[in-house]
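From first to last, the protein sequence lines stand for chains A and B. One point on numbering: in our numbering, the residue at position 310 of the first sequence is 310, and numbering is uninterrupted. Plus 1000 on top of the position in the second sequence (first one is 1) and you've got our numbering. Have a look at the structure below before the remarks.
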Amino acid sequence: MKKQKRPHFQPGTPPFINAVPPRERSPQRPLPYIDHFGLSAADLRAVLGVALSSGGDFAEIFMEHRSYDLINMEEDIIKETAEAVSLGMGIRVIRGDRTGFGYTNDLSLEKVKKTALTAAAIARGKAGQTPPPPLRDRTRTWWPSRYVARRPANEAPLREKIKLVREAYAAAQRHDPCIAKVKAYYSDSLTHICVANSEGLLVRDTRPMIKLICVAISEKDGKRESGYWGGGGRVGMEYFRDGLTPREIGEQAAREAVLLLEAVDAPAGEMPIVLAPGHSGVLIHEAVGHLLEADFNRKKTSVFWNKMGKKVGSELVTIYDDPTIPASRGSYNVDDEGTPPKKTLLIDRGVVRGLLQDKLSSRLMHDAALTGHGRRQDYSHWPIPRMANTYIAAGGDAPEDIIGSVKKGFYVASLSGGQVEDSGKFTFSVSLGYLIEGGKLTAPVKQATLIGTNIDILKKIDRVGSDLAFGLQTGTCSKDGQDVPVNDGCPTLRIEKMTVGGRS
Amino acid sequence: MKARAAVPAVSLRDLAEALVTFARKCGADEAEVSVVDGYEFNVDVRKGRIETLIEAGSRSAGVRVIKDKRTACASSSDLDMATLKRLVRSAVRRAELGSPDEFAALAPLSKERVDAAALKLYDPAIAGLDSATKIALARETERAALRDKRITNSYGATFASNEIRSVLALTNGFVGEYEQTYCGLGVGLQAGDTDNRVEDSWSSSKRHFKELETPEEIARKAVERTVRQLKPRKIRTQNVPVIFEPTQTAWLMGFLFGCVTGTAVYQKSTFLAGKLGQKIGNERVTVLDDALMPGALGSHPFDSDGLPCRRTVVVEKGVLNSYLCNIYAARKLGLASTGSADGGGVGPGNFYLEPGPAAVAQKDIIAGTKKGLLLIRTLGHGLNAVTGDISRGAFGLWIEDGAIAYPVSEITISGNLGCILGSIEAVGTDLEFHSAVTGPTVKVAELTVGGE
């Protein structure tokens, strides 16, 4: 049985990478440029003025500088290392329910003003508004930082990172003679963002991210299978010593690949399902999280749009999205619109209680309270409501009792992803499962897809374990062509019945 | 940090060549530089009103250097020369930390050249379109769709266009450059009340503006695709013939593409590794990768190794004829490159299943099916290249006695790509190039359809 590695949440840890602006370093500078961008607060205010010149209600500048390191090991060699820099600015102008957006990676004041005019064109009116107020830097208003990086990756030498990759790779390779091929990838990034808007807000954040993953391919009697494991988050290099070691990552990938060689085809049809704690949280992400994003409700495309305050699921089900969990992949100090995020209650004992909001939806939904879930892939995209760390709260059942309660069913051990549409139909893909027979896990089961309708499944969750855990810290969520890092969590869960897409 | 000067207006070609020269000066044995300049326009219209309007231009550069058989890469969207030079210098230094790789080397300079102009990748009409026309097209598409009273909500209509100029320069003397355009128009719809919603969309995507489907045509297809799913039933789990609509054959071909790339083969991450020259499907399966079809979405003159693109018969009457390789995978496997390099990996040209002489109309395929599923949409991932296993959530139309009986939902399909290719009973005539990876209707003898 695979054990879910818990992310190392250390609420008391002093943050080392944080959003404190570097202004203390040169207090004498008369017109301080915002680091990495070469524009001053006064410049930004002027650009916001240009953005509002056609009568927009709201204008916003998002600047981003991201640097990455990437390492790719395959065929026993460090095949490639790469360094990447991404720099740019997105400018958005809102007028009523209309959004104009432009972006540029040329941050000269001249080009930036031109971009502002492009975004401004949406408003197509007279410059009615008074010039935007002076920008007030609110970077310091949150504390402590949600990033837990004692040794930031950007300060560590590449050699050290290569060593991590080699360790994961070697651990997978020597785990079992059936392992035929291994691949290991490492990436880290450091992202500086700065948001300035026509409400006078100026805010900065510096976000670290690390990811190390390993894929192992096993081979036996002409049969091939693959296993995957990984870790990371908004952490520093110490994670690979104190959190999840490269060796564990390699071994877990190999273990799954070897186990799958013996796995049987999944059964097909409706049956009771038990979900392992941890990354089974994908179910909550797909079944509930997306459909409580404010944009789908404002547009009434989500099945939840008319169910606020209504009971849609079992009383055992309470769901949150919390972008403030320290060190977690989905966390941030401030969202991509400059709003400090809040732990947001979505479902309270089966009743729909909240939406994930961004500024646009909030404005259009009678100034609904912001929750700090306005996120974007990068400067070339505009913010939309997104999840961060979504999880179902722990219940009272012992995990072994939940498994023991099922005579014949399917246990979902690890998941590779999922998808949902607004009607509530959703699927998720199981990469490794087990048959449950007589209250015990028996044969391992390979790839299967589960499908259901969200409200129906929420009603059918009839046992909730006490063992809340989070996923692998490697997850990415796609929506409207934008990818953002997320994490999900859940305790052991039982679903009375759900359709398994196996073979018969 | 000083204020930034405007990025100087050097030509992309000069920039690429200057970086190649600089990489050599820094000590690289070989170097490859690509520079891309893109312009993007996108308008979303919902319920008659503009929701978002995007207009933007951006540039980026990518560098790969090889020194003592060790490779390092860098990329940047900051085209400040000082930043680019720092990245190149550090890449050359960083190469030392990689492992020597006997297969790491640029492709030799090819004497052959594909005439980019003959591929008709660029349509000046797209550059000439004004915003008002583009907005009007999106508006008209949505309006036409909403005229149908069965449609209860709209995801909105989108018009998007791109103009892209790409340059590639290598230390072997290759310099290539071409311009391309894309435009697309589509709409997403819902039908039914909140608790019984169904949804679908249709879009047309082309390199040439005049080839784009009309707003009425797009709206009609989107409406039809949506309303045909109303009042779905659940079905029992059973094994039945499954007919893939062209939109579904497209993802099946995408999955096959991933399984025939040389990269996946040498990494053993495909069930088709070691199957070259063997029968992997029945005689109805002929698959081509053709990057030279004039005006098609997947066409291009040269690949990212600087080699000319071509037409490759990947599977011929069921026999796996060729893997698709970049120079690196080709060398690893002792094969020739197929001109398929795409960044660090392998990408398709126009990759499609050929209808062949025995192809029949979709309606005749349906008429010849006593009981089965017409697969119209899938949800979720569930594709495993290592095993060929497929398991996805599905929506379909149930077929009884050669006719469509009713829609079905909340079902799954599962099978294996190898088995599917070996049991294709019919191939349709309806091949269209709506995407670079595509195919006509196909009928598969049997898959497990999971339900109650």
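The beta carbon of each residue, even a glycine, is placed where N, CA and C say it ideally should be.
Please list the partners that residue i has in chain A, where partner means a Cβ-to-Cβ separation under 8 Å.
i	result
B/C1325	Those do not exist, as B/C1325 stays about 15 Å from chain A at its closest Cβ, beyond 8 Å.
B/R1094	T81, E83, L158
B/S1435	By Cβ distance, chain A contributes nothing, its closest Cβ being about 15 Å from B/S1435, past 8 Å.
B/S1409	K425
B/A1389	Note that residue 1389 of chain B is Asp in the sequence shown, not Ala. Simply K446, Q447.
Tell me which residue opens and which closes the alpha helix (DSSP H) that residue i is part of.
i	result
B/F1103	Here B/F1103 belongs to no alpha helix (DSSP H), and DSSP marks it neither H nor E.
B/I1050	Here B/I1050 belongs to no alpha helix (DSSP H); instead the beta strand (DSSP E) covers 1049-1067.
B/K1206	Counting along the chain, B/K1206 falls outside any alpha helix (DSSP H), though it belongs to the beta strand (DSSP E) covering 1198-1206.
B/N1321	Where B/N1321 is concerned, there is no enclosing alpha helix (DSSP H), given that its DSSP letter is neither H nor E.
B/K1025	1012-1025
B/K1210	Taken as a continuous stretch (DSSP letters only), B/K1210 belongs to no alpha helix (DSSP H), as it is neither H nor E.
B/C1419	1417-1422
Give the residues of chain B in contact with residue i, contact being defined as C-beta atoms less than 8 Å apart.
i	result
A/D97	R1049, E1051
A/G396	Ordered by position in chain B, no residue passes the 8 Å Cβ test against A/G396, which lies about 31 Å from the chain.
A/I543	Chain A is shown from 1 up to 504; residue 543 of chain A falls before or after that span and cannot be answered.
A/F428	G1380
A/W229	Within chain B, no residue comes near A/W229; the closest Cβ sits about 15 Å away, beyond 8 Å.
Determine the chain A residues that contact residue i at a beta-carbon separation under 9 Å, and present them in chain order.
i	result
B/A1074	A82, E83, A84, V85
So which residues on chain B does residue i lean against when the C-beta distance must stay under 7 Å?
i	result
A/V500	G1450
A/E270	E1452
A/S416	H1381
Does residue i come out as helix, strand or coil in the three-state DSSP assignment?
i	result
A/Y434	strand
A/D358	coil
A/Y103	strand
A/F62	strand
B/S1090	helix
A/Y509	Any question about residue 509 of chain A goes unanswered here, given that chain A covers just 1 to 504.
B/Y1266	helix
B/S1299	coil
B/P1246	helix
A/R174	coil
B/P1407	strand
A/P21	Only weak support exists for where A/P21 lies, its pLDDT of 32 falling under 50; the value from the coordinates is given anyway. DSSP places A/P21 in coil when its eight states are reduced to three.
A/M498	strand
B/T1071	strand
B/L1181	The sequence as given places Thr at residue 1181 of chain B; Leu does not occur at that position. Reduced to three states, the DSSP call for B/T1181 is strand.
B/W1398	strand
B/D1290	strand
Which residues in chain A have a C-beta closer than 7 Å to the C-beta of residue i? List them in chain order.
i	result
B/D1453	An answer regarding residue 1453 of chain B cannot be provided, because it is not within the stretch 1001 to 1452 covered by chain B.
B/Q1267	E74, K181, K183
B/D1289	The premise fails here: B/D1289 is roughly 24 Å from chain A at the closest Cβ pair, so nothing lies under 7 Å.
B/V1198	S423
B/N1384	Q447
B/D1195	V303
B/S1423	In chain order: nothing, as chain A lies at least about 14 Å away.
Which stretch, first to last residue, makes up the beta strand (DSSP E) that contains residue i?
i	result
A/C194	179-197
A/K479	476-479
A/R95	77-95
B/A1445	1442-1450
A/Q419	408-420
Just the chain B side, please: which residues come within less than 9 Å of residue i by C-beta, in chain order?
i	result
A/S54	Per Cβ cutoff of 9 Å: no residues; A/S54 is ~12 Å from chain B at best.
A/F101	N1042, T1052, L1053, I1054, E1055, A1056
* Could you list the residues in the stretch 290-306 of chain A with a C-beta less than 8 Å from some C-beta on chain B, going in chain order? => Listed by position, the residues of the stretch 290-306 of chain A near chain B (Cβ gap below 8 Å) are K299, K300, T301, V303, W305, N306.
* Taking a cut of 7 Å between CB atoms, which residues from the stretch 1137-1158 of chain B lie near chain A? -> Among the residues of the stretch 1137-1158 of chain B, those with a Cβ less than 7 Å away from any Cβ of chain A are N1153, Y1155, in the order of the chain.
* **Stretch-stretch touch, CB-based, cutoff 8 Å, three pairs: the stretch 1073-1081 of chain B with the stretch 1267-1286 of chain B** => Too few Cβ pairs lie closer than 8 Å, so no.
* Asked: Is there contact here, the stretch 462-469 of chain A with the stretch 283-296 of chain A, by at least three beta-carbon pairs under 8 Å?
  -> Counting Cβ pairs under 8 Å, fewer than three are found: no touch.
* Between the stretch 1222-1249 of chain B and chain A, which residues of the former have CB atoms less than 7 Å from a CB of the latter, in chain order? -> Listed by position along the chain: T1237, N1239.
* Residues in the stretch 1306-1331 of chain B with C-beta within 8 Å of chain A's C-beta atoms, listed in sequence order? -> For the stretch 1306-1331 of chain B, the set of residues with a beta-carbon nearer than 8 Å to any beta-carbon of chain A is empty.
* To do: Please name the residues in the stretch 439-450 of chain A whose beta-carbon is closer than 9 Å to at least one beta-carbon of chain B, in chain order.
  => Close to chain B, meaning a Cβ-Cβ distance shorter than 9 Å, are the following residues of the stretch 439-450 of chain A: K446, Q447, A448, T449, L450.
* Is the number of C-beta pairs between the stretch 1348-1368 of chain B and the stretch 406-413 of chain A that are closer than 8 Å three or more? -> No: fewer than three Cβ pairs fall under 8 Å.
* Asked: Using 8 Å as the Cβ pair cut-off and three pairs as the minimum, do the stretch 1406-1420 of chain B and the stretch 298-318 of chain A touch?
  -> Pairwise C-beta distances place the stretch 1406-1420 of chain B out of contact with the stretch 298-318 of chain A, as fewer than three of them are shorter than 8 Å.
* Asked: Between the stretch 1390-1409 of chain B and the stretch 1368-1382 of chain B, do three or more beta carbon pairs fall short of 8 Å?
  -> Touching, yes, given that three or more Cβ pairs across the two stretches are closer than 8 Å.
* Would you check if there are 3 or more beta carbon pairs closer than 8 Å linking the stretch 1078-1094 of chain B to the stretch 1016-1025 of chain B? => Three or more beta-carbon pairs drawn from the stretch 1078-1094 of chain B and the stretch 1016-1025 of chain B are found closer than 8 Å, and the two stretches are therefore classed as touching.
* To do: Taking 8 Å as the threshold, find out whether the stretch 107-122 of chain A comes into contact with the stretch 216-229 of chain A through three or more Cβ pairs.
  => Contact between the stretch 107-122 of chain A and the stretch 216-229 of chain A is absent, because fewer than three Cβ pairs lie under 8 Å.
* Asked: Would you call the stretch 1322-1330 of chain B and the stretch 1102-1109 of chain B in contact, with 3 or more CB pairs under 8 Å?
  -> Taking 8 Å as the limit for Cβ pairs, the verdict is that the stretch 1102-1109 of chain B does touch the stretch 1322-1330 of chain B.
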